[in-house]
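Structure first, then comments.
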Amino acid sequence: MRGFLQPALKTIANEAQASFQTLSRGRRTKLAEAARTTLIKADQWARGAGVTSDVAEALEAALKALQAKGASKKKA
Numbered sequence: 000m001r002g003f004l005q006p007a008l009k010t011i012a013n014e015a016q017a018s019f020q021t022l023s024r025g026r027r028t029k030l031a032e033a034a035r036t037t038l039i040k041a042d043q044w045a046r047g048a049g050v051t052s053d054v055a056e057a058l059e060a061a062l063k064a065l066q067a068k069g070a071s072k073k074k075a
């Protein structure tokens with residue numbers, strides 16, 4: 000039983016996942032619906048857990064669209 004001597008495995012979230020985690024629950028729900036997935040799957044993706052690549056790509060695209068919308072409002 001030497002398993003405790005090994006370092007813990009940590010998932011490191013990328014920038015998109017970290018920014019998704021900072022959003023409110025309502026905003027995360029809207030992004031999950033836009034990506035045609037559930038909030039549970041979206042939160043799993045944000046933690047770095049395993050989700051399918053199409054879900055991950057859809058969530059990243061929805062998050063980029065939200066950030067672009069926010070950037071355009073700041074310019075106006």
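Read left to right, the sequence shown gives residues 0 to 75 (numbering that gives the first Met the number 0). Heads up, the beta-carbon is just placed ideally off N, CA and C, and yes, glycines get one too.
Between residue i and residue j, what straight-line distance do the alpha-carbon atoms span, to the nearest angstrom?
i, j, result
"residue 24", "residue 5", "36 Å"
"residue 17", "residue 30", "14 Å"
"residue 14", "residue 3", "30 Å"
"residue 28", "residue 71", "22 Å"
"residue 55", "residue 65", "15 Å"
"residue 52", "residue 67", "22 Å"
"residue 39", "residue 19", "13 Å"
"residue 45", "residue 37", "13 Å"
Excluding the 5 residues flanking residue i on each side, which residues of the same chain have their C-beta closer than 6 Å to its C-beta?
i, result
"residue 77", "For residue 77 there is no data in the structure shown, the boundaries of the chain being 0 and 75."
Return the chain-ordered list of same chain residues with a C-beta closer than 8 Å to the C-beta of residue i, the five sequence neighbours on each side being excluded.
i, result
"residue 49", "43"
Helix, strand or coil for residue i per DSSP?
i, result
"residue 5", "coil"
"residue 22", "coil"
Just to confirm my understanding: we take residue i, look at its own chain, exclude 5 residues before and 5 after, and list those with CB closer than 7 Å. What are they?
i, result
"residue 35", "57"
"residue 59", "15"
Give the range of the alpha helix (DSSP H) segment to which residue i is assigned.
i, result
"residue 41", "38–46"
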